[in-house]
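Numbering (the numbering used here), first residue to last: 203 to 389.
Note that CB positions come from ideal geometry on N, CA and C, so glycine has one too.
The model shown is predicted, which means the values in this text are computed figures rather than measured ones.
See structure below.
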C-alpha cells in the first residue's frame, strides 16, 4: 500500500509539473521580449527568479566572442547573447548607464567585425551583425575585434567596420579589463 501511495504522489507531481509547463505558450506574442536591444537578444522575464542583479550596482563585463555563425547570413550567436545580457539587466531594473560592457571578437568570430563591403567580398552578402552592433553601441557596449585575429584571417584593418574598435589583441583586452575589475564572460 505504501508503495502505491508513493507512486500515486509521484504521478500527481509529474502531472502537476507538466500542466504548469504546458500553460506557457512560447510562441505567444510578448512571451519573448527584446526591451532594450530591439529585435535581438530575446529574453523572457521571470518576476520571481533568483539571482537578479542589484538595481543600483554597476556591472563591468568583458565578453569573449570566439564562435562563428552557422552561416554567413546568420547573426553571430555570441553577439546575440551580449544583446540578451543587456536586455536581462535593463529589464531587471539596472539602468543602461550602469552597464560597462565590452565584447571582444576573435577566432571564428572575427568576421562579425567586417564592413558590409568586406563581408560581401568574402561571403557574398551584407554583414548581418552590423545592425546589432549599432544597437549595442547605442546601449553603450563597446564591440571590439582582436587586431591579431584580423591579420591571422588575412583581413586588412580597413576591412573592419568603423563602428568596431580594433584592439591590440583579444588576450591583452581581456587581461587588461580583468585587471580593471571586469568579469570575464566567455561565449
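- Counting the other Cβ atoms within 10 Å of the Cβ of residue 330 gives 16 or more, which makes it buried.
- Going by beta carbons, residue 348 and residue 317 fall outside the 8 Å limit.
- Residue environment: residue 265 is assigned as buried (16 or more neighbouring CB atoms within 10 Å of its CB, all protein chains considered).
- When only Cα atoms are considered, residue 283 and residue 247 end up about 15 Å apart.
- By the Cβ-count criterion, residue 359 is exposed, with fewer than 16 other Cβ atoms from all chains shown falling within 10 Å of its own Cβ.
- Residue 276 is not a Cβ neighbour of residue 320, given a cutoff of 8 Å.
- Residue state for residue 374 is assigned as helix, using DSSP reduced to three classes.
- Collapsing the DSSP output to three states places residue 335 in a helix.
- Around residue 257, the same chain offers 295 and 296 as residues with beta carbons nearer than 6 Å, after the five sequence neighbours per side are excluded.
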